[in-house]
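Student: Would you mind keeping the following structure in view while I ask a few things?
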Amino acid sequence: MASVQDRVIEVTARVLQLDAGDIKPENNFSADLGAESVQSIELVAMFEEEFGIEMEEDAALAVTTVGSAAEFIEGICKEQGVEV
Amino acid sequence: MRLVLFDRQTESRINFDPVALCRPIWELRCGMTSLGEKLIAKIGASDVVGFVPDYMADVYREQSSWSINNSASLAGEDLLLVNARVKAESFDIEPTGPSQVAFDENGDCLFARIAREDLGKLITDSIDGLIDSAHEACPRYEEKVATWNYTWDLILNNPEQLTKDFTAAGQAGNDGHVEEPSAIRGSRSDVYIGKDASVHPMVVIDAEHGPVFIDEGAEIHPFTRIEGPCYIGKKSILLGAKCREGNSIGPVCRVGGEVEESIIQGYSNKYHDGFLGHAYVGEWVNLGALTTNSDLKNDYSDVSVMLDGKNPIDTGSRKVGSLIGDHTKTSIGTLFNTGSYVGAMALIAGTGKPLPKFIPSFAWFLEGVVTKGFGKRKLFETAKTAMGRRDHEWTSAQEAMWEEIFKITAEPRMDAIKKGRRALRAQRS
Numbered sequence: 006m007a008s009v010q011d012r013v014i015e016v017t018a019r020v021l022q023l024d025a026g027d028i029k030p031e032n033n034f035s036a037d038l039g040a041e042s043v044q045s046i047e048l049v050a051m052f053e054e055e056f057g058i059e060m061e062e063d064a065a066l067a068v069t070t071v072g073s074a075a076e077f078i079e080g081i082c083k084e085q086g087v088e089v
Numbered sequence: 090m091r092l093v094l095f096d097r098q099t100e101s102r103i104n105f106d107p108v109a110l111c112r113p114i115w116e117l118r119c120g121m122t123s124l125g126e127k128l129i130a131k132i133g134a135s136d137v138v139g140f141v142p143d144y145m146a147d148v149y150r151e152q153s154s155w156s157i158n159n160s161a162s163l164a165g166e167d168l169l170l171v172n173a174r175v176k177a178e179s180f181d182i183e184p185t186g187p188s189q190v191a192f193d194e195n196g197d198c199l200f201a202r203i204a205r206e207d208l209g210k211l212i213t214d215s216i217d218g219l220i221d222s223a224h225e226a227c228p229r230y231e232e233k234v235a236t237w238n239y240t241w242d243l244i245l246n247n248p249e250q251l252t253k254d255f256t257a258a259g260q261a262g263n264d265g266h267v268e269e270p271s272a273i274r275g276s277r278s279d280v281y282i283g284k285d286a287s288v289h290p291m292v293v294i295d296a297e298h299g300p301v302f303i304d305e306g307a308e309i310h311p312f313t314r315i316e317g318p319c320y321i322g323k324k325s326i327l328l329g330a331k332c333r334e335g336n337s338i339g340p341v342c343r344v345g346g347e348v349e350e351s352i353i354q355g356y357s358n359k360y361h362d363g364f365l366g367h368a369y370v371g372e373w374v375n376l377g378a379l380t381t382n383s384d385l386k387n388d389y390s391d392v393s394v395m396l397d398g399k400n401p402i403d404t405g406s407r408k409v410g411s412l413i414g415d416h417t418k419t420s421i422g423t424l425f426n427t428g429s430y431v432g433a434m435a436l437i438a439g440t441g442k443p444l445p446k447f448i449p450s451f452a453w454f455l456e457g458v459v460t461k462g463f464g465k466r467k468l469f470e471t472a473k474t475a476m477g478r479r480d481h482e483w484t485s486a487q488e489a490m491w492e493e494i495f496k497i498t499a500e501p502r503m504d505a506i507k508k509g510r511r512a513l514r515a516q517r518s
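Chains as they are written, first to last, in my numbering: chain D, 6 to 89; chain Y, 90 to 518.
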């Protein structure tokens, strides 16, 4: 099974219409990947759908990079008892 | 005699959502005044107290001079308890007399007249206790008591109620300022222009088919046409509006475009072109330019409305527009389907197509789906800004009430958010 980070990259690529191979953990969603505000909301929704979790909007939108998103999601999955 | 208006958190209360989510049902408007004002006038009460759902009590205390949710007010006087849903016009019960209670077929108390000497036999430490004990102990009133049952009842009765309220107000003439050339059609005795109200040149007031009441401090800008029956609230501004018959516009609104047989509670803006028909709009709403609602289906069949996001209710009317909750904002070009329910504190970006008929409270409707958006904190910040612009304070009590409304409205919102995520995923696959 793909790692959380790989799945985060896959979702990010799909939403932002980028090549997954070009996305690095240190990339900032907005500054490096060009995510606009509506796309940030869409990313949160798609992460929730991908992992079957519920995220609190303020906390989720405060996450800025791909790598920190993967860590944040791993934490949420643990909290909500979702196996990844 | 003390009049006790009550609005309990019963199952049927949802019938007045989304506009009653943040206020007692008796504050809703029909005609020139609120349902509560009509009840007080009909009963002739000077001593009035209120009981509202607990979560809105602190906010309503800030807005009202009455004693609110105070069980001490349930003692020491003859009491007339009246449900906010009771129609004032047909309420012909003597305010004092032997104790008597009326309930509807769903077990909702409609009124309870309780003689002071009977209070000792009843539970008076809460409104629920008093009603339940009166239900057991007091004789029943067996006649039918007429009630308002849904928000759209208010919309559909608005034109008739406007005419009755104008007659009851007994005012006609001009206490304001009318600039020439302006035109009044129909009888001048069917028009009232209040103190400090200003009617600019090139305005037509058409009272041929019903009266027009322009309240204190209202401004009617050029190229506005107002058809009676109509009420324009205090300090509201019409901006070249096509204000067709049957509108009640509350205080401090900005209204342009075409509006027909609609009620706007107050402090809301529909500044630009776009059609609003057979709608009820709450407070602090902003309808972006060209926001339009349908109020008639193409097959002329009765309009249904979903109050819970699942079960359509047949309104029995061919014309019902949108029900729009407080603090909701729409983008330019938003199109609402016939009989739409648009929750409170929602933020809506139009898609160019008619939107789903149910948009839950606190929804961020973006990219054609309901999302969590930037969350409720951001919506609260916007509400605070909007209220501040009209010298109103977003208080801690307001915030606590809206936090509770967020919880009350969670289920249909989460359903819509999940559906939205699936739709987005399908779009992106």
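Yeah, the Cβ is synthetic: ideal placement off N, Cα and C, and Gly gets one too.
If you're wondering where the values come from, they're calculated on a predicted model, not measured in any experiment.
Helix, strand or coil for Asp240 of chain Y? Go by DSSP, reduced to three states.
Tutor: Correcting the residue identity first, residue 240 of chain Y is Thr in this sequence and not Asp. Here Thr240 of chain Y sits in helix by DSSP.
Student: Are the C-beta atoms of Arg407 of chain Y and some chain D residue less than 8 angstroms apart?
Tutor: Not an interface residue.
Student: Cβ of Met51 of chain D less than 8 angstroms from any chain Y Cβ?
Tutor: Yes, because at least one Cβ of chain Y sits closer than 8 angstroms to the Cβ of Met51 of chain D.
Student: I'd like to know whether the C-beta atoms of His298 of chain Y and Glu334 of chain Y end up nearer to each other than 8 angstroms.
Tutor: Cβ distance < 8 angstroms, so His298 of chain Y and Glu334 of chain Y count as in contact.
Student: Going along the segment 14 to 26 of chain D in order, which residues come within less than 7 angstroms of chain Y, judged by CB to CB distance?
Tutor: Listed in sequence order: Arg19, Val20.
Student: Under the three-state reduction of DSSP, which class applies to Ser485 of chain Y: helix, strand or coil?
Tutor: Note: Ser485 of chain Y maps to helix in three-state DSSP.
Student: By the criterion of Cβ-Cβ separation under 8 angstroms, what are the contact partners of Trp453 of chain Y in chain D?
Tutor: Near Trp453 of chain Y (Cβ distances below 8 angstroms), the residues of chain D are Ile46.
Student: Just to confirm, is the Cβ distance from Arg517 of chain Y to Arg12 of chain D under 8 angstroms?
Tutor: No, the Cβ-Cβ distance between Arg517 of chain Y and Arg12 of chain D is not below 8 angstroms.
Student: Please confirm if Thr460 of chain Y has its CB atom under 8 angstroms from at least one CB of chain D.
Tutor: Cβ-Cβ to chain D under 8 angstroms: yes for Thr460 of chain Y.
Student: Identify whether Ser411 of chain Y lies in helix, strand or coil by the three-state DSSP scheme.
Tutor: Three-state DSSP puts Ser411 of chain Y in a strand.
Student: Check the C-beta distance from Ile220 of chain Y over to Ala201 of chain Y and give it rounded, since I have them as a contact under 8 angstroms.
Tutor: The pair is a contact, with the Cβ atoms about 6 angstroms apart (cut-off 8 angstroms).
Student: Since Thr498 of chain Y and Gly428 of chain Y should fall inside the 8 angstroms C-beta cutoff, what is the C-beta to C-beta distance between them, to a whole number of angstroms?
Tutor: With a Cβ gap of about 19 angstroms, Thr498 of chain Y and Gly428 of chain Y do not count as contacting.
Student: When Cβ atoms are compared, which residues of the segment 55 to 82 of chain D fall closer than 7 angstroms to chain Y?
Tutor: Result list: Glu62, Asp63, Leu66.
Student: Output the boundary residues of the alpha helix (DSSP H) element that contains Thr17 of chain D.
Tutor: Segment 9 to 21, the alpha helix (DSSP H) holding Thr17 of chain D.
Student: Could you tell me whether the segment 358 to 378 of chain Y touches the segment 64 to 78 of chain D, where touching means 3 or more Cβ pairs closer than 8 angstroms?
Tutor: They do not touch, by the three-pair rule.
Student: DSSP three-state label for His266 of chain Y, please.
Tutor: His266 of chain Y: strand per DSSP, three-state reduction.
Student: Taking Glu529 of chain Y as the query, report the chain D residues whose CB atoms sit under 9 angstroms from its CB, ordered along the chain.
Tutor: Past the edges of chain Y, shown from 90 to 518, lies residue 529 of chain Y, and the structure says nothing about it.
Student: On the three-state DSSP scale, how would you describe Gly371 of chain Y?
Tutor: DSSP places Gly371 of chain Y in strand when its eight states are reduced to three.
Student: Please report whether the beta-carbon of Leu468 of chain Y lies at a distance below 8 angstroms from any beta-carbon of chain D.
Tutor: For Leu468 of chain Y, the answer is no, since every Cβ of chain D falls outside 8 angstroms of its Cβ.
Student: Could you spell out the range, first to last residue, of the beta strand (DSSP E) harbouring Ser393 of chain Y?
Tutor: Here the beta strand (DSSP E) through Ser393 of chain Y covers 393 to 395.
Student: Tell me the DSSP secondary structure of Lys331 of chain Y in three-state form.
Tutor: If DSSP states are grouped into helix, strand and coil, Lys331 of chain Y belongs with the strands.
Student: Nearest chain D C-beta to Arg502 of chain Y closer than 8 angstroms, yes or no?
Tutor: Not closer than 8 angstroms to any Cβ of chain D, the Cβ of Arg502 of chain Y fails to qualify, so no.
Student: Counting Cβ pairs, one atom from each stretch, are 3 or more of them under 8 angstroms apart for the segment 481 to 499 of chain Y and the segment 139 to 155 of chain Y?
Tutor: Taking 8 angstroms as the limit for Cβ pairs, the verdict is that the segment 139 to 155 of chain Y does touch the segment 481 to 499 of chain Y.
Student: Taking the straight line between their C-alpha atoms, what separation do you get for Asn158 of chain Y and Thr122 of chain Y?
Tutor: Looking at the two C-alpha atoms, the distance is approximately 23 angstroms.
Student: Could you compute how far the alpha carbon of Thr236 of chain Y sits from the alpha carbon of Arg174 of chain Y?
Tutor: Rounded to the nearest angstrom, the two C-alpha atoms are 5 angstroms apart.
Student: Under 8 angstroms, Cβ to Cβ, is there at least one residue of chain D near Phe364 of chain Y?
Tutor: Judged by the 8 angstroms Cβ criterion, Phe364 of chain Y is not in contact with chain D.
Student: Could you list which residues in chain D have their beta carbon closer than 7 angstroms to that of Glu456 of chain Y, in chain order?
Tutor: Here the neighbours are Val43, Glu47.
Student: For the ligand NAD, is there any heavy atom lying closer than 7 angstroms to the beta carbon of Val288 of chain Y?
Tutor: The ligand NAD is absent from the structure shown, which contains no ligand whatsoever.
Student: Could you please give me the residues that DSSP links to Gly355 of chain Y through a beta bridge?
Tutor: According to DSSP, Gly355 of chain Y bridges with Y:Glu372.
Student: Could you give the DSSP three-state label for Trp115 of chain Y: helix, strand or coil?
Tutor: Here Trp115 of chain Y sits in helix by DSSP.
Student: For the candidate residues Y:Glu183, Y:Gly165, Y:Ala161, whose alpha-carbon lies nearest to that of Val171 of chain Y?
Tutor: If we check each option's Cα against that of Val171 of chain Y, Y:Glu183 comes out closest.
Student: Run down chain D in chain order and give the residues with a C-beta less than 8 angstroms from the C-beta of Leu124 of chain Y.
Tutor: Ordered by position in chain D, no residue passes the 8 angstroms Cβ test against Leu124 of chain Y, which lies about 37 angstroms from the chain.
Student: For the pair the segment 112 to 122 of chain Y and the segment 240 to 256 of chain Y, tell me if three or more CB-CB distances fall below 8 angstroms.
Tutor: Yes, the segment 112 to 122 of chain Y touches the segment 240 to 256 of chain Y.
Student: Just the Cα atoms here: how many angstroms apart are Tyr389 of chain Y and Ala161 of chain Y?
Tutor: Looking at the two C-alpha atoms, the distance is approximately 52 angstroms.
Student: Can you confirm whether Leu513 of chain Y, when its beta carbon is compared against all beta carbons of chain D, has any partner nearer than 8 angstroms?
Tutor: Taking Cβ atoms only, chain D reaches closer than 8 angstroms to Leu513 of chain Y, which makes this a yes.
Student: Alpha carbon to alpha carbon, how far is Ala524 of chain Y from Asp264 of chain Y?
Tutor: With chain Y running from 90 to 518 in the structure shown, residue 524 of chain Y is simply not present.
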